[in-house]
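S.K.: Residue numbers (UniProt numbering), protein chains in the order written: chain A, 1 to 176; chain B, 1 to 176; chain C, 1 to 176; chain D, 1 to 176. Can you keep this structure in mind? I'll have questions shortly.
4 protein chains.
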Amino acid sequence: MFATKGFSQTTVRDIADAAGILSGSLYHHFRSKEAMLTELLSGFLDGLNARFTEIVEAGVDPQADLDGLITESFRTIHNERLAVALYQNEASFLATVEGFEFVAERSRDNEALWIRVIEAGQAAGVFQASLDPALTYRFIRDGVWSTVSWYRPGGRHTPETLAEQYLKLLHAGILA
Amino acid sequence: MFATKGFSQTTVRDIADAAGILSGSLYHHFRSKEAMLTELLSGFLDGLNARFTEIVEAGVDPQADLDGLITESFRTIHNERLAVALYQNEASFLATVEGFEFVAERSRDNEALWIRVIEAGQAAGVFQASLDPALTYRFIRDGVWSTVSWYRPGGRHTPETLAEQYLKLLHAGILA
Amino acid sequence: MFATKGFSQTTVRDIADAAGILSGSLYHHFRSKEAMLTELLSGFLDGLNARFTEIVEAGVDPQADLDGLITESFRTIHNERLAVALYQNEASFLATVEGFEFVAERSRDNEALWIRVIEAGQAAGVFQASLDPALTYRFIRDGVWSTVSWYRPGGRHTPETLAEQYLKLLHAGILA
Amino acid sequence: MFATKGFSQTTVRDIADAAGILSGSLYHHFRSKEAMLTELLSGFLDGLNARFTEIVEAGVDPQADLDGLITESFRTIHNERLAVALYQNEASFLATVEGFEFVAERSRDNEALWIRVIEAGQAAGVFQASLDPALTYRFIRDGVWSTVSWYRPGGRHTPETLAEQYLKLLHAGILA
DNA sequence: AATGAATGAGAGTTCATTCAT
DNA sequence: GATGAATGAACTCTCATTCAT
């Protein structure tokens, strides 16, 4: 519900109704509405960071690593669509909220990891040296992760077709 | 304020305080909080669509058109940053809200316009034929417009450097 | 906890936490929160009335009786400080609560007992006849029992020094 | 209502009902329930301190000053009975509450003022030198101010008869 | 004797909106 | 064009209490 309607548009009563209990009863399980958000986000971010780290640590060459990160991103959009949407929608709002520092921290970790891969590729001569690594990371990140706003499982695309199309565009560019 | 804090996180009192009047007095100028949003968004979308249409109508060849649309997008992010951020943040929420159908309509118009340009490029043999036009449009759109979430005027980048870097990546791809 | 934080400011959970069990488990030992209060207060009031009665029944002359009642009051403040504080804080609130009629009854018993001593002293010519007995009782009672709000065992005073100072003031007055 | 039922036992809805408006409307006049308490208490304490200070500054001799302070206290109990009761009931609870430091401060000011008068009387030889001034102050204060818990205007006593009886007891003591 | 999940009522507070002045 | 008082609904959260286990 947080992903669909937004955190602050979702009421505790909405959640309790969906759970089939009274709103007060939720407080037996969570200390606050924010605590529910924390549990959702930290679980998601922990898993994502672990998978990203594993890809890079087991990596062979920068291009395979970057392709792996991108493919894993599309898979995550498929497997944890609502968590991704939640993160996309609320991350900027949470940046300033006390108790949610871990969100910005995890984002910074991710950014550093991706940029290292891009720089390694440039150093190895496999990625164009004239591209700004930080900028390139952001263009890729946004192009990939924004997919969550329109992707629907069971629709025209699968994580694999998305990754294939995106990588084709990214690798060789749009020009014939 | 809608762009910065979000529409529903911004109270009518916040706006009135910033305007130096009392909240009730705002209703002399706007029929509702939503009417303020409508005015902001429709002005922004009208201007944007007009500029996009002009680019394509005055267009020479598909590549120049696409580059023009992208460059104009970065300029708009610079010139109307808050309106763009507002649109990015609230568009999906507004899709279902009565009275805001015009937002989705304008978005569809834009999408059709961009996709026509891409398809024209493929037909002319200048864009890769194996790319899905709709998918390519979304990857580009998201990569470009998400810039608004981190771009700050006066920072390391200008609309021109952003466009130059993005077009370099888009034209030739990341591979050396 | 009732004495320190007040009855209605103390939650059943507070009490259960302090007891190292869960709040629901308290209801195995007490039928309600009020039942805990009853147990505390009735035990305290029973003991106090018994000691007061004993003093007066074993009494020799009115002055010794009054001094004895006052000294016993200071001792009770020392020995059962929290119970006294609880009684002082909650008595007026409880006056109207169903099931707590015993509190007002015990207070009335006490009042009658003290006033009898004062009137006996006036009849015997040992206490000033021009003093209103009921009023004098209340002035004494409040001066003595309010001590509980600031008295701390182990501090500058003992029940004995308090009684000595108070009796000096009461016996001869403030004027030199 | 705060005086009668206690601050935390009084609900915002109780107050609004008594005022003939809805509970939310109260927040147009007060920022919070605590703000109502602040307004009541600070007004009361400011006035009381001003009157006490005036009595001592205009004073001739210590006995007249002390009598004046006591008489003024009984008058205040008569004139501002509910404010006095509120202060008596809530002062100790408020001692620890953020934003209510002014209550403890005013109390300390009062205490210092009364004790100075008592010490001046002892120095002048008009008050018994063997009495502990701080202790004597507290016995008097509690005897006098606790009156509020049972005094009812229009009843058997007036502020003047109360003061007369109390001063008779205080001046010469209970012994004949 | 204790757990832990749930209840249901009610708490303080927020806020878009209305409207007589 | 603005005020300021009020509305009414909804919000998050608290808490004494119940009860099957």
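Note that beta-carbon positions come from the ideal geometry of N, C-alpha and C, so glycine has one too.
Would you mind stating whether methionine 1/D and alanine 18/D have Cβ atoms separated by less than 8 Å?
M.R.: Within the fourth sequence, residue 1/D is the residue found at index 1, counting from 1. Within the fourth sequence, residue 18/D is the residue found at index 18, counting from 1. Yes, they are a contact pair.
S.K.: Kindly list the residues whose CB is nearer than 7 Å to the CB of serine 73/B, restricted to its own chain and excluding five residues on each side of it in sequence; keep chain order.
M.R.: Counting from 1 along the second sequence, the entry for residue 73/B is found at position 73. Cβ within range, chain order: Val144 and Trp145.
S.K.: Determine the direct distance from the alpha carbon of alanine 58/A to that of aspartate 142/A, and round the result to whole angstroms.
M.R.: For the purposes of this step, residue 142/A is identified with residue 142 of the first sequence, where counting begins at 1. For the purposes of this step, residue 58/A is identified with residue 58 of the first sequence, where counting begins at 1. Going from the Cα of aspartate 142/A to the Cα of alanine 58/A covers about 25 Å.
S.K.: Is asparagine 89/D buried or exposed, if buried means 16 or more other CB atoms sit within 10 Å of its CB?
M.R.: Stepping through the fourth sequence from its first residue, residue 89/D is reached at position 89. Buried is the call here.
S.K.: I need the DSSP call for phenylalanine 93/C, collapsed to helix, strand or coil.
M.R.: The sequence position of residue 93/C within the third sequence is 93, counting from 1. Note: phenylalanine 93/C maps to helix in three-state DSSP.
S.K.: Would you mind working out which of Glu119/D, Trp150/D, Val56/D and Arg152/D sits nearest leucine 175/C, comparing C-alpha positions?
M.R.: Within the third sequence, numbered from 1, the residue matching residue 175/C stands at position 175. It is Glu119/D.
S.K.: Between which two residues does the alpha helix (DSSP H) containing glycine 143/C stretch?
M.R.: Start at 1 with the first residue of the third sequence, and residue 143/C comes out as number 143. Counting along the chain, the alpha helix (DSSP H) containing glycine 143/C begins and ends at 133-145.
S.K.: Could you give the first and the last residue of the continuous alpha helix (DSSP H) run that contains alanine 38/A?
M.R.: For the purposes of this step, residue 38/A is taken as residue 38 along the first sequence, with counting starting at 1. A small fix is needed here, since residue 38/A is threonine in this sequence, not alanine. 33-57 is the extent of the alpha helix (DSSP H) around threonine 38/A.
S.K.: How should arginine 106/A be labelled, buried or exposed, when 16 other C-beta atoms within 10 angstroms of its C-beta is the threshold for buried?
M.R.: In the first sequence, the residue the question calls residue 106/A occupies position 106. By the neighbour-count criterion, in which 16 or more other beta carbons inside 10 Å mark a residue as buried, arginine 106/A falls on the buried side.
S.K.: Residue 191/D: which of Leu167/D, Val97/D and Ala129/D sits nearest, CA to CA?
M.R.: The shown model of chain D, from 1 to 176, leaves out residue 191/D, and the question about it has no answer.
S.K.: Please look up how many angstroms separate the CB atoms of alanine 172/B and glycine 173/A, rounded, as I've assumed it's under 8 Å.
M.R.: Mapped onto the second sequence, residue 172/B falls at position 172. Mapped onto the first sequence, residue 173/A falls at position 173. Correct: roughly 4 Å between the Cβ atoms.
S.K.: Using a Cβ-Cβ cut-off of 8 Å (strictly less than) and excluding sequence neighbours within five positions of serine 87/D, which residues of its own chain qualify?
M.R.: Here residue 87/D refers to the residue found at position 87 when the fourth sequence is read from its first residue. The sequence given here places tyrosine at residue 87/D; serine does not occur at that position. Excluding sequence neighbours, tyrosine 87/D sits near Leu41, Phe44, Leu45 and Val103.
S.K.: At a threshold of 7 Å, does leucine 113/C count as lining the ligand FAD (C-beta to nearest heavy atom)?
M.R.: With respect to the ligand FAD, the structure shown offers nothing to examine, as it has no ligands at all.
S.K.: DSSP puts phenylalanine 127/D in a beta bridge; with which residues?
M.R.: Position 127 of the fourth sequence, counted from the start, is the residue given in the question as residue 127/D. Paired residues: Leu175/C.
S.K.: Mind pulling the alpha helix (DSSP H) runs of 4 or more residues that sit fully within the UniProt DNA-binding region "H-T-H motif" (11-30) of chain B?
M.R.: List check, alpha helix (DSSP H) in window: 12-19.
S.K.: Please go through the same chain and pick out, in chain order, the residues whose beta-carbon is closer than 6 Å to the beta-carbon of alanine 3/A, but skip the five residues on each side of it.
M.R.: Indexing the first sequence from 1 puts residue 3/A at position 3. Hits under 6 Å: Leu82, Ala85 and Leu86.
S.K.: Does any residue of chain B have a CB that is nearer than 8 Å to the CB of tyrosine 137/A?
M.R.: What you label residue 137/A is simply residue 137 of the first sequence in a count that begins at 1. Tyrosine 137/A does not count as touching chain B.
S.K.: In this structure, how does DSSP classify glutamate 101/D when only helix, strand and coil are distinguished?
M.R.: On the fourth sequence, position 101 is the one that residue 101/D refers to. Helix, per DSSP.
S.K.: Answer with yes or no whether the minimum CB distance from leucine 113/C to chain D is below 8 Å.
M.R.: For the purposes of this step, residue 113/C is taken as the residue at position 113 of the third sequence. Chain D contact via Cβ: absent.
S.K.: If you measure beta-carbon to beta-carbon, which residues of the region 164-175 of chain D are closer than 9 Å to chain C?
M.R.: Gln165, Tyr166, Lys168, Leu169, Leu170, His171, Ala172, Gly173, Ile174 and Leu175
S.K.: In the structure shown, what three-state DSSP assignment does glutamine 9/B receive?
M.R.: For the purposes of this step, residue 9/B is taken as residue 9 along the second sequence, with counting starting at 1. Coil.
S.K.: When the distance is taken between beta carbons, is leucine 170/C closer than 8 Å to leucine 131/D?
M.R.: Looking up residue 131/D in the fourth sequence gives position 131. Looking up residue 170/C in the third sequence gives position 170. The answer is no: Cβ separation not under 8 Å.
S.K.: Output needed for proline 153/C: all residues of its chain with C-beta closer than 8 Å, excluding positions within five of it in sequence on either side, in chain order.
M.R.: Residue numbering aside, residue 153/C sits at position 153 when the third sequence is read from its first letter. Counting only Cβ-Cβ distances below 8 Å, and skipping sequence neighbours, we find His78 and Arg81.
S.K.: At a Cβ cut of 9 Å, what residues of the UniProt domain "HTH tetR-type" (1-48) of chain B count as close to chain A, listed as they run along the chain?
M.R.: Lys5, Gly6, Ser8 and Gln9
S.K.: Of the residues that make up the region 138-155 of chain B, which ones have a beta carbon closer than 9 Å to any beta carbon in chain A?
M.R.: Arg138, Phe139, Ile140, Arg141, Asp142, Gly143, Val144, Trp145, Ser146, Thr147, Ser149 and Trp150
S.K.: Consult DSSP for proline 153/D and reduce its assignment to one of helix, strand or coil.
M.R.: Here residue 153/D refers to the residue found at position 153 when the fourth sequence is read from its first residue. DSSP places proline 153/D in coil when its eight states are reduced to three.
S.K.: Of all the options Leu26/D, Leu94/D and Tyr27/D, which has the alpha carbon lying nearest to the alpha carbon of phenylalanine 7/D?
M.R.: The sequence position of residue 7/D within the fourth sequence is 7, counting from 1. If we check each option's Cα against that of phenylalanine 7/D, Leu94/D comes out closest.
S.K.: Please report the distance separating the alpha-carbon of threonine 161/A from that of alanine 91/B.
M.R.: For the purposes of this step, residue 161/A is taken as residue 161 along the first sequence, with counting starting at 1. For the purposes of this step, residue 91/B is taken as residue 91 along the second sequence, with counting starting at 1. Rounded to the nearest angstrom, the two C-alpha atoms are 26 Å apart.
S.K.: Determine whether the beta carbon atoms of glycine 47/C and isoleucine 55/C lie at a separation below 8 Å.
M.R.: Position 47 of the third sequence, counting from 1, holds the residue named residue 47/C. Position 55 of the third sequence, counting from 1, holds the residue named residue 55/C. No.
S.K.: Tell me which residue opens and which closes the alpha helix (DSSP H) that threonine 76/D is part of.
M.R.: Within the fourth sequence, the letter at position 76 stands for residue 76/D. Unbroken alpha helix (DSSP H) run through threonine 76/D: 62-79.
S.K.: State yes or no: is the beta carbon of serine 130/D nearer than 8 Å to at least one beta carbon in chain C?
M.R.: The residue labelled residue 130/D in the question sits at position 130 within the fourth sequence. Yes, contact with chain C.
S.K.: Is the distance from the Cβ of serine 135/A to the Cβ of glutamine 165/B below 8 Å?
M.R.: Counted from its first residue, the first sequence places residue 135/A at position 135. Counted from its first residue, the second sequence places residue 165/B at position 165. It should be noted that the sequence gives leucine, not serine, for residue 135/A. Cβ atoms of leucine 135/A and glutamine 165/B: closer than 8 Å.
S.K.: So with CB distances below 9 Å, who are the chain D contacts of glycine 125/C?
M.R.: Position 125 of the third sequence, counting from 1, holds the residue named residue 125/C. Within chain D, the residues near glycine 125/C are Ala176.
S.K.: Establish whether the CB of serine 92/D and some CB of chain C are separated by less than 8 Å.
M.R.: Here residue 92/D refers to the residue found at position 92 of the fourth sequence. At least one C-beta of chain C is nearer than 8 Å to the C-beta of serine 92/D.
S.K.: What do you get for histidine 157/A, buried or exposed, if any count of 16 or more other CB atoms within 10 angstroms of its CB means buried?
M.R.: Taking the first residue of the first sequence as 1, we reach residue 157/A at position 157. With 16 or more other Cβ atoms within 10 Å, it is buried.
S.K.: Quick one: Cα of histidine 29/D to Cα of glutamine 63/C, how far?
M.R.: To locate residue 29/D, count along the fourth sequence from 1; it is residue 29. To locate residue 63/C, count along the third sequence from 1; it is residue 63. Approximately 57 Å, taken between the alpha carbons.
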